[in-house]
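Each residue of the sequence shown is one higher than the last, beginning at 12 in my numbering.
We treat Cβ as the ideally placed atom computed from N, Cα and C, and that holds for glycine.
Since the structure is predicted, the reported quantities are computational estimates derived from the model, not experimental observations.
One structure is given below, encoded as structure tokens.
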Amino acid sequence: MSNFFKIFGDPNEKIIKKILPVVEKINNLEKQYQGLSSDQLKQESILLKQKTGEVKDLEDLLPEAFALVREAAKRTINQRHFDVQFVGGVVLHRGMIAEMKTGEGKTLAATLPAYLNALEGKGVHIVTVNDYLAKRDMVWMGQIYNALGLSAGCIVNESGFVYDSLYKSDEFDKERDLTGSFKVVENYLRPAQRKEAYLADITYGTNNEFGFDYLRDNMV
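Set out below in structure tokens:
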């Protein structure tokens with residue numbers, strides 16, 4: 012394979028090289044969004060949502076969408092998307108598979124294409140491997156979506172939850188937001204009917220729950 016790559020080049024590197032100009036466009040917007048208030052940031056998100064009906068392809072809105080998500084993440088969970096996460100986000104949005112190493116921030120990277128595709132109002136599903144991750148990631152990343160005016164929910168075994176910024180909001184777990192620890196914080200995690208969780212702009216869950224709910228729904 013090494014000889015093959017010497018002759019034809021690594022296809023992954025070629026893809027990443029083509030994505031880097033998009034990453035540069037995203038980075039160029041950072042200073043502009045830094046100067047906005049929280050209300051203005053949410054207003055930018057509303058305007059971007061309105062633009063989805065004016066463009067032929069969501070890719071046209073990708074730089075603005077990804078830049079907004081990074082700014083919201085910095086303000087809410089004190090984490091900033093890096094270039095490698097932008098590359099992963101673009102790859103996922105384009106329907107390809109992104110393999111990221113441990114510690115490269117897969118959870119944070121997933122917020123980028125999730126937000127962009129949720130702007131169309133059709134709903135986005137983020138599939139995790141277990142109920143624990145579905146709850147942890149929804150309540151953790153839900154702060155980002157909430158700051159941009161989108162709703163988030165999660166589906167777990169026999170129950171559902173939605174992100175609610177007012178639910179037990181007197182307990183803010185700064186340590187979890189800074190370290191990304193494995194603790195599931197019940198703050199903002201309001202119990203809800205599964206239908207309400209599915210109606211959220213972005214819904215976290217496991218392939219098991221999504222799959223069987225689809226079957227149940229079609230059998231009723």
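Excluding the 5 residues flanking it on each side, residue 162 has same chain C-beta neighbours closer than 6 Å at 211, 212, in chain order. Contact annotation: residue 83 and residue 41 have beta-carbon atoms that are not nearer than 8 Å.
C-alpha of residue 103 to C-alpha of residue 112: approximately 15 Å in a straight line. As for any beta strand (DSSP E) of minimum length 3 sitting wholly inside the segment 102-149, the runs are 135-139, ordered along the chain. In the same chain as residue 87, and ignoring 5 residues on each side of it, the C-beta atoms closer than 7 Å to its own belong to 154, 155, 158, in chain order. Per DSSP, the continuous beta strand (DSSP E) segment holding residue 217 begins and ends at 213-217. With contact defined as three or more Cβ pairs closer than 8 Å, the segment 122-129 and the segment 138-147 are not in contact.
Relative to residue 89, the option among 160, 80, 95 whose CA is nearest is 80. In the structure shown, residue 173 adopts extended strand secondary structure according to DSSP, grouped into three states.
In the displayed model, residue 205 falls within a helix according to three-state DSSP. Here residue 56 is buried: its Cβ has 16 or more other Cβ atoms, across all protein chains shown, within 10 Å. Rounded to the nearest whole angstrom, the C-alpha separation of residue 115 and residue 231 is 42 Å. Contact between residue 215 and residue 108 is absent: CB atoms are separated by about 19 Å, not below the 8 Å threshold.
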